[in-house]
Amino acid sequence: MSSAAPTIGEQRAVVGETEATKKFRPADDEVMAVRVRGLVKRYRDGTEANRGIDLDVRRGETLSILGPNGAGKTTFLRQITSELRPTAGTIEIFGVDAIARPQQVKRKMGITPQEAGVFETLTVREHLELFARLKGLARDEAHESTSEIIHELDLDRETSRRVGQLSGGQRRRILIGLALLGQPPLLVLDEPTTGLDPASRRTTWAVIRKAVARGTTVVLSTHYIEEAEHLSDRIGIISEGRMIALGPLDELLARLPKSYRLSYRASLEQPRVQYFATFDAAQQYAVQRGMAEYSLARASLEDVYFELTGHRLEAEEPAEEIARCPA
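Under this note's numbering, the residue at position 156 of the sequence shown is numbered 164, and the numbers go up by one with no gaps.
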């Protein structure tokens with residue numbers, strides 16, 4: 009990419025506020041599902057995991073957060089769920105101070121952490137019904153909610169199996185089911201589909217979309233570009249503890265200096281990528297250099313991510329095992 013081309017940050021100043029952005033700009037008196045101001049998390053060794061993050065998430069919105077490993081995504085979500093206390097800043101969940109009243113806001117959330125334990129001696133149904141009762145659901149309501157979630161997550165054939173006998177992907181789906189119990193108004197999901205096969209991932213997307221259709225607000229982190237593109241109203245990118253981009257997909261794509269990506273391989277070299285302002289310019293470049301094989305496509309969210317962070321986003325599959333709780 010030419011060094012003379014404007015960066016996305018420079019373009020943001022020129023483009024200004026788009027109609028898509030205005031849609032998510034809150035009214036002065038609107039109560040946000042999530043409101044974060046000046047969020048800082050600094051550890052004892054001086055490491056700043058989050059550096060002054062500001063964010064509003066409207067009711068019913070789905071926000072996906074992307075970022076390199078170590079960028080501060082999980083730390084950010086753990087502060088929203090009151091698992092970590094911020095060094096500085098404020099967090100409100102549906103207008104309630106989450107730092108002062110953590111237990112009150114937790115009752116409004118369904119949470120899927122990146123890592124969590126499961127009770128391996130319980131069956132799938134027993135596991136879900138236990139947590140449904142712990143969330144305050146009556147016995148009949150817990151049974152009904154569990155049955156619905158088992159069906160939605162395609163776990164019908166596993167309902168009587170002990171959790172310890174399941175694959176890592178199946179246990180991951182149980183953790184997602186735990187977050188959905190009781191239809192909480194806010195879901196906070198830390199890489200919810202990492203480790204799932206493509207079919208299970210799409211099943212989970214359908215379940216999340218169904219929750220959104222009921223009015224649920226969703227904040228999730230992900231390593232999957234396709235997941236962010238399919239689920240999100242807006243996408244945030246965190247790098248080195250800062251929210252460096254935030255907006256609807258179309259707006260983020262519009263900020264790219266050049267909107268066509270040419271991928272090719274020169275001799276035995278690694279695949280190379282170049283960007284062009286127009287389709288014709290990219291095709292002409294390939295023809296003039298006698299390229300026998302190349303691919304030409306519109307730039308994607310991954311290209312925006314690379315432009316901002318200098319990294320390609322590659323999903324990292326976790327180990328098969330999920331931590332198990334003792335009986």
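A virtual CB, placed ideally from N, CA and C, is assigned to each residue, including glycine.
{"query": "Nearest-angstrom beta carbon gap, Leu197 and Arg181 [assumed within contact, 8 Å]", "result": "Contact flag wrong, Cβ pair sits at about 12 Å."}
{"query": "Three-state secondary structure (DSSP) of Ser153", "result": "helix"}
{"query": "Assigned secondary structure, Thr212 (DSSP; H/G/I helix, E/B strand, else coil)", "result": "helix"}
{"query": "Cβ neighbour criterion (16 or more within 10 Å) applied to Ser348", "result": "Residue numbering for the chain in the displayed model covers 9 to 335; residue 348 lies beyond these limits and cannot be assessed."}
{"query": "Contacts around Arg93, its chain only, beta-carbon distance under 8 Å, and the 5 residues preceding and following it disregarded", "result": "Gln87, Ile107"}
{"query": "Opposing strand residues paired with Gln282 [DSSP bridges]", "result": "Leu270"}
{"query": "As assigned by DSSP and simplified to three states, the class of Arg59", "result": "strand"}
{"query": "Counterpart residues of Met251 in DSSP-defined beta bridges", "result": "Ile246"}
{"query": "Inter-residue spacing [alpha-carbon to alpha-carbon] between Asp241 and Leu257", "result": "8 Å"}
{"query": "Nearest-angstrom Cβ-Cβ length linking Gly190 and Ser153, presumed shorter than 8 Å", "result": "7 Å"}
{"query": "Status (buried if at least 16 other CB within 10 Å, exposed otherwise) for Leu188", "result": "buried"}
{"query": "Proximity of Gly177 and Glu128 at Cβ, strictly below 8 Å", "result": "no"}
{"query": "Contact between the region 264–281 and the region 303–315 (3+ Cβ pairs under 8 Å)", "result": "yes"}
{"query": "Cβ distance (whole Å) where Ile175 is taken to contact Glu199 below 8 Å", "result": "The question names Ile, yet the displayed sequence has Ser at residue 175. Going by Cβ atoms, the distance from Ser175 to Glu199 rounds to 17 Å, so no, they are not a contact pair."}
{"query": "Same chain only: Cβ atoms within 7 Å of Arg269, ignoring 5 sequence neighbours per side", "result": "Val281, Tyr283, Ala305, Ala307, Asp311"}
{"query": "Identity of the residue in Thr212, Gly223, Arg169 nearest Pro192 by Cα", "result": "Gly223"}
{"query": "With 16 other Cβ atoms within 10 Å as the buried cut-off, status of Val295", "result": "exposed"}
{"query": "Distance between Thr211 and His135 (C-alpha atoms, nearest Å)", "result": "20 Å"}
{"query": "Straight-line Cα distance separating Gly103 from Ala214", "result": "29 Å"}
{"query": "Arg67, DSSP secondary structure in three states", "result": "coil"}
{"query": "Helix, strand or coil at Arg141 [DSSP, three-state]", "result": "helix"}
{"query": "Cross-strand partners of Met117 (DSSP beta bridge)", "result": "Leu194"}
{"query": "Whole-angstrom distance between Ile252 and Leu316, CA atom to CA atom", "result": "8 Å"}
{"query": "Cα-Cα separation, Gly244 to Gly298", "result": "39 Å"}
{"query": "Where Leu321 sits in the DSSP three-state scheme", "result": "coil"}
{"query": "DSSP three-state assignment for Glu100, whether helix, strand or coil", "result": "strand"}
{"query": "CB contact below 8 Å: Gln178 versus chain B", "result": "Among the protein chains of the structure shown there is no chain B, as only one such chain exists."}
{"query": "Distance, Val220 Cα to Asp148 Cα", "result": "24 Å"}
{"query": "7 Å CB neighbourhood of Arg45 in its chain, flanking five on each side removed", "result": "Asp62, Gly97, Thr98"}
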